[in-house]
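When you line the sequence shown up against our numbering, it's residues 22 to 350, in that order. For each residue, glycine too, the CB sits at the ideal point set by N, CA and C. Just below is one structure, and these are the notes that go with it.
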Amino acid sequence: TEMGRRRSKSTSYSTKRKEIDEVEILSGVYKGITTGTPLCAIIKNQDTRSVDYSEMERLLRPGHADYTGYIRYKGYNDIRGGGHFSGRLTAPMVFAGAIAAQILEMQQIYIGSHIDSIYNVKDKGFDKTKITKEQLLALKKMDIPVNDPSCLEAYLETIEKARMSQNSVGGIIETAIIGLPAGIGSPIFDNVEAKISRALFSVPAVKGIEFGEGFNITSMYGSEANDSFYTDGNKIMTKTNNNGGINGGITNGMPVTLRVAIKPTSSISLEQKTVDIKSYENTTLKVRGRHDTCIVPRAVPVIEAICAIAVLDLIICQFGLETLNEGDL
């Protein structure tokens with residue numbers, strides 16, 4: 022299911038490249054259950070067109086890692102499909118994240134997202150204090166997950182306008198993690214924000230992350246930004262959730278919320294100025310090939326997968342595997 026969410030759809034804004042993304046598990050699973058030995062799987066590329074990248078051995082694509090990869094690996098970077106910098110690397114991320122999510126769901130921890138914005142069109146944000154499992158599961162069923170269905174048409178129009186002008190657009194994904202108890206995490210280097218952020222920046226196209234109200238919290242007074250506590254039975258909660266469910270790098274029991282900025286797809290058909298890396302001459306480039314006008318919808322399951330991996334790692338580092346087996350944090 023998760024691999025299918027990431028897969029290119031038959032839409033005008035998705036790449037025409039069609040990969041089955043069938044996962045072949047080589048080891049670590051027996052009769053549908055993990056065995057404890059290393060879980061190894063392979064996802065084969067089946068719809069490649071390396072000829073589309075023949076020019077890239079010389080012409081640097083603006084926005085891509087062609088130049089930095091060329092310098093870092095002394096000219097031996099693989100330019101076919103972007104090589105190790107390719108968005109194809111997110112396919113195994115989603116596979117691993119799907120397994121992590123299954124383990125988390127056994128602990129009643131759920132992760133879901135909506136597309137908060139595409140270009141300058143915005144969806145209705147999460148009510149950060151009242152996010153439900155049902156809400157998150159419903160979003161997972163949508164190709165373009167939104168809280169406000171009325172913005173869907175505007176999203177599609179914005180993407181189509183970019184496609185028709187041979188351009189691309191980015192956007193913001195808002196993700197929520199519910200069910201995490203208070204007390205997960207550590208201060209300073211191993212705090213919740215640091216671990217999740219480090220993992221998320223491994224995703225190509227991610228350019229920014231904020232938790233809770235993020236940068237908007239700077240326009241509040243302390244009395245507004247502080248999340249006041251109250252008791253609900255034997256549970257301590259907060260009236261607001263401006264800090265995104267985290268205080269001092271440790272979860273406080275409220276939903277952990279974060280927003281991730283996804284940059285516009287770098288590969289566009291418009292003519293761009295660049296440099297021939299072999300001759301060091303100024304020139305121009307029109308990127309050929311099959312590319313997404315907007316990668317944001319396909320990035321949603323990737324962001325969720327990485328969050329699942331990071332959260333599971335936080336829990337295992339703090340409590341160990343045996344606590345997960347016992348099913349009670």
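Among the options, whose alpha-carbon lies nearest the alpha-carbon of residue i?
{"i": "Asn98", "options": "Met114, Leu81, Thr111", "result": "Leu81"}
{"i": "Lys161", "options": "Cys172, Tyr51, Glu174, Ile132", "result": "Ile132"}
{"i": "Asp248", "options": "Lys260, Pro83, Gly254", "result": "Lys260"}
{"i": "Pro276", "options": "Gln187, Ser300, Val332", "result": "Val332"}
{"i": "Leu342", "options": "Pro166, Arg79, Gln128", "result": "Gln128"}
{"i": "Leu291", "options": "Tyr88, Asp334, Gly108, Arg309", "result": "Arg309"}
{"i": "Phe232", "options": "Ile198, Ala329, Ser223, Ile257", "result": "Ile198"}
{"i": "Gly200", "options": "Leu157, Asp148, Gly274, Lys228", "result": "Gly274"}
{"i": "Lys294", "options": "Pro83, Met77, Arg26, Lys52", "result": "Pro83"}
{"i": "Ser186", "options": "Arg93, Asp87, Ile289, Lys216", "result": "Ile289"}
{"i": "Gly108", "options": "Ile165, Thr252, Asp313", "result": "Asp313"}
{"i": "Gln339", "options": "Asn255, Lys216, Ala159, Tyr251", "result": "Lys216"}
{"i": "Arg27", "options": "Tyr242, Ser240, Asp164", "result": "Asp164"}
{"i": "Ala329", "options": "Tyr88, Ala122, Ser287", "result": "Ala122"}
Check whether the Cβ atoms of residue i and residue j lie closer than 8 Å to each other.
{"i": "Thr153", "j": "Leu279", "result": "no"}
{"i": "Phe116", "j": "Ile64", "result": "yes"}
{"i": "Phe106", "j": "Pro285", "result": "no"}
{"i": "Ala62", "j": "Ile46", "result": "yes"}
{"i": "Ile130", "j": "Glu214", "result": "no"}
{"i": "Leu60", "j": "Val50", "result": "yes"}
{"i": "Thr111", "j": "Val281", "result": "no"}
{"i": "Ser171", "j": "Val321", "result": "no"}
{"i": "Lys299", "j": "Arg79", "result": "yes"}
{"i": "Val167", "j": "Cys315", "result": "no"}
{"i": "Thr272", "j": "Ala203", "result": "yes"}
{"i": "Ile336", "j": "Leu350", "result": "yes"}
{"i": "Ile120", "j": "Leu345", "result": "no"}
{"i": "Ser48", "j": "Thr55", "result": "no"}
{"i": "Met241", "j": "Tyr251", "result": "no"}
Note down, in chain order, each residue of its chain lying with its Cβ closer than 8 Å to the Cβ of residue i, except the 5 sequence neighbours on either side.
{"i": "Ala246", "result": "Glu234, Ile238, Asn263, Asn264"}
{"i": "Ile194", "result": "Ser134, His135, Ile136, Asp137, Arg280, Val281, Ile283, Val317, Ala320, Val321, Ile324"}
{"i": "Thr150", "result": "Met258, Thr259, Lys260, Thr261, Asn262, Met275, Pro276"}
{"i": "Phe147", "result": "His135, Asn168, Glu195, Ala197, Pro276, Thr278"}
Residues in its own chain within less than 6 Å of residue i by CB, not counting five upstream and five downstream?
{"i": "Asn212", "result": "Gly206, Gly270"}
{"i": "Asp169", "result": "Asp144, Lys145"}
{"i": "Ala326", "result": "Met114, Val115, Gly118"}
{"i": "Lys23", "result": "Checking the displayed sequence, the identity of residue 23 turns out to be Glu instead of Lys. If we look at Glu23 and ignore the five residues flanking it on each side, its Cβ neighbours are Val115, Ala119, Pro322."}
{"i": "Ser287", "result": "Gly84, His85"}
Tell me, please, which residues DSSP counts as bridged to residue i.
{"i": "Ile100", "result": "The partner list for Ile100 (beta bridge, DSSP) is empty, contrary to what the question assumes."}
{"i": "Cys61", "result": "Ser48"}
{"i": "Gln293", "result": "Leu306"}
{"i": "Asp253", "result": "Lys256"}
{"i": "Asn268", "result": "Ile271"}
{"i": "Lys143", "result": "Ser138"}
{"i": "Val227", "result": "Ile283"}
{"i": "Ala183", "result": "Per DSSP, none; premise fails for Ala183."}
{"i": "Ala197", "result": "Gly133, Thr278"}
{"i": "Leu80", "result": "Asp297"}
{"i": "Gly243", "result": "Answer by DSSP bridge pairing: none, since Gly243 is not bridged."}
{"i": "Phe116", "result": "Paired residue(s): none; Phe116 is not in a bridge."}
{"i": "Thr89", "result": "DSSP output for Thr89 lists no bridge partner at all."}
{"i": "Thr55", "result": "Val50"}
{"i": "Gly206", "result": "Ile271"}
{"i": "Gly192", "result": "Ile139, Ile283"}
{"i": "Phe222", "result": "Phe222 is not bridged to any residue."}
{"i": "Phe232", "result": "Leu279"}
Taking 7 Å as the line, does the beta carbon of residue i fall inside it for any heavy atom of the ligand ZN?
{"i": "Glu126", "result": "Judged by which ligands are present, the structure shown has none, so any question about the ligand ZN falls away."}
Skipping 5 residues on each side, what residues in its chain have a beta carbon closer than 7 Å to that of residue i?
{"i": "Asp297", "result": "Arg79, Leu80, Thr304"}
{"i": "Ser218", "result": "Ile230"}
{"i": "Lys228", "result": "Ala282, Lys284"}
{"i": "Val91", "result": "Checking the displayed sequence, the identity of residue 91 turns out to be Tyr instead of Val. Excluding residues within five positions, the ones whose Cβ falls inside 7 Å are Asn98, Ile298."}
Three or more C-beta pairs closer than 8 Å, one from the region 175-194 and one from the region 135-144: is that the case here? Yes: the two stretches touch, three or more of their Cβ pairs being nearer than 8 Å.
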